[in-house]
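A.B. asks: full-length UniProt numbering numbers the first residue of the sequence shown as 1 and each following residue consecutively.
No residue lacks a Cβ here, since even glycine has one placed at the ideal position from N, Cα and C.
First, the structure itself, so that you have it in front of you.
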Amino acid sequence: MESDTNSIVGSQTKSEVKLVLELTDIIDELNSINHLFEAQRDTLDTTVKSFDNSDWFAPEEDRYKLLTEELSTMITQYMESCMKQVKRMTANAQRTKDCLKDLLDLQQKEETLNEAHYSHR
């Protein structure tokens, strides 16, 4: 009976360790996505600034100024929204990972206490 319980606990522990590793991978991927969004935002900001600083649109300056302002606003709002979502997902994944690690730690401590209890019998 005890062997079956140990087998189940061991199987659950392996599953939880696997989940921690998967969450670590997910967090790494989310961080990569966030870095990509930051790079895209910087590139788009540079593009908008190059329109602002160019002379080739001088005759239609007002129209292009409005275009660059709207483009800049859209980029900022969209990119910031995406980045916030990625950061929230990263934070949620990190919290889940931390909880799983705490659970594994508690299970290890329980196992140690059980071993100490059985060795004193």
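Indicate whether the contact test is met: 3 or more Cβ pairs, each with one atom in the region 99-114 and one in the region 64-79, closer than 8 angstroms.
C.D. replies: Flag = no, the region 99-114 and the region 64-79 do not touch.
A.B. asks: On the three-pair Cβ rule with 8 angstroms, is the region 84-99 touching the region 15-26?
C.D. replies: Judged by Cβ distances under 8 angstroms, the region 84-99 makes contact with the region 15-26, as three or more pairs qualify.
A.B. asks: Given that a residue counts as buried once 16 or more other Cβ atoms are within 10 Å of its Cβ, and exposed if not, what is Val17?
C.D. replies: Val17 is exposed by the Cβ-count criterion.
A.B. asks: Closer than 6 angstroms by C-beta to Ile33: which residues in its own chain qualify, once you throw out the five before and the five after it? Chain order, please.
C.D. replies: Within the same chain, Ile33 has close Cβ partners Val86.
A.B. asks: DSSP three-state label for Arg41, please.
C.D. replies: The answer is helix: DSSP assigns Arg41 an H, G or I state.
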